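Trainee:
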Amino acid sequence: MPSIAITQPYEAVYIVDATLGDEQIGVITTKYKTLIETGGGTVDKIDIWERRKLAYEIKGKTEGIYVIMQFHGKPAVEAELRRVFQISEDQIRFLIVRQDEVEPALPVITPEPEAAPAPAAEVTPAPVTEEAPVTEAAPAVEAAPVAEAAPAAEETSAPEAVAETA
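Residue numbers (the working numbering): 1 to 166.
1. Identify, in the order they occur along the chain, each residue of the same chain with its Cβ nearer than 8 Å to the Cβ of Ile63, setting aside the five sequence neighbours on each side.
2. When DSSP labels each residue in this structure, what does Leu95 get in the three-state scheme?
3. Does the distance from the C-beta atom of Lys221 to that of Gln70 stay below 8 Å?
4. If distances are taken between C-alpha atoms only, which option among Thr29, Glu37 and Gln8 comes closest to Gln91?
5. Out of Pro75, Ile58 and Glu114, state which residue places its alpha-carbon closest to the alpha-carbon of Arg93.
6. Within this structure, are the beta carbons of Ile96 and Glu78 separated by less than 8 Å?
7. Quick check: is any heavy atom of the ligand ADP less than 7 Å from the C-beta of Asp17?
8. Per DSSP, Lys45 is paired with what?
9. Taking a contact to mean a Cβ-Cβ separation below 8 Å, would you say Tyr32 touches Arg98 in this structure?
10. Taking Cβ to Cβ, would you say Ile48 is nearer than 8 Å to Val27?
11. Out of Val16, Ala12, Gln8 and Ile6, which one is the CA nearest neighbour of Gly60?
12. Given a cut-off of 8 Å on the beta-carbon distance, is the pair Ala76 and Gly21 in contact?
13. Evaluate Ile6 with the Cβ neighbour count: other Cβ atoms within 10 Å of its Cβ, from every protein chain shown; 16 or more gives buried, anything less gives exposed.
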């Protein structure tokens, strides 16, 4: 049975040196785009961000230009792109992720067509009854006095208590 590889959506993000000019960045992006297309993939979108400060120093660089490339390809195309990223020195750092079909976080609610309003049902009011008169509340009961506590153990010594019982 022949194996059929299905193309997957991928996103590659790589950072190039911020000191490079627009022409040099264009050459680098064209290099990776051509690599994907020769492998049988298609590049959907390339987005080049402006210069950004890196969170930490990478290969002696503190600033970089991010390039986001979305493409479709077989897993072999992604593997070849990863291999070329690893051996190339024209980018500072890279990341390739497969884009899975993600369901929206909130369900999409489509409005239903409005129907003619239903006639209102007749509501008969409940019969009014007289309420019982409110009486005054009973006075609060006073608290009972607290019983005297038993004498403390200090007042009677242990030997005397033993002698009294003997």
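Glycine is no exception: its CB is placed at the ideal position from the N, C-alpha and C atoms. Computed from a predicted model, the values in this text were never measured in an experiment.
Mentor: According to the structure shown:
1. Reading off the sequence, residue 63 comes out as Glu, not Ile. Apart from sequence neighbours up to five positions away, the residues of its chain that approach Glu63 with a beta-carbon distance below 8 Å are Ala18, Arg51, Arg52, Lys53 and Leu54, ordered along the chain.
2. In this structure, Leu95 counts as strand in the three-state DSSP scheme.
3. Limits of the chain in this structure are 1 at one end and 166 at the other, which puts residue 221 out of reach.
4. When Thr29, Glu37 and Gln8 are compared, the shortest CA-CA separation from Gln91 is found for Thr29.
5. Residue Ile58 is the option with its Cα nearest to Arg93.
6. Cβ atoms of Ile96 and Glu78: closer than 8 Å.
7. Only the bare structure without any ligand can be found here, which leaves the ligand ADP out of the picture.
8. In the DSSP output, where bridge partners are listed per residue, Lys45 has Gln70.
9. Not in contact: Tyr32 and Arg98 (Cβ atoms no closer than 8 Å).
10. In this structure, Ile48 keeps its C-beta atom at 8 Å or more from the C-beta atom of Val27.
11. Minimum Cα distance to Gly60 is reached at Val16.
12. Taking 8 Å as the cut-off, the Cβ atoms of Ala76 and Gly21 do not count as close.
13. So Ile6 ends up on the exposed side.
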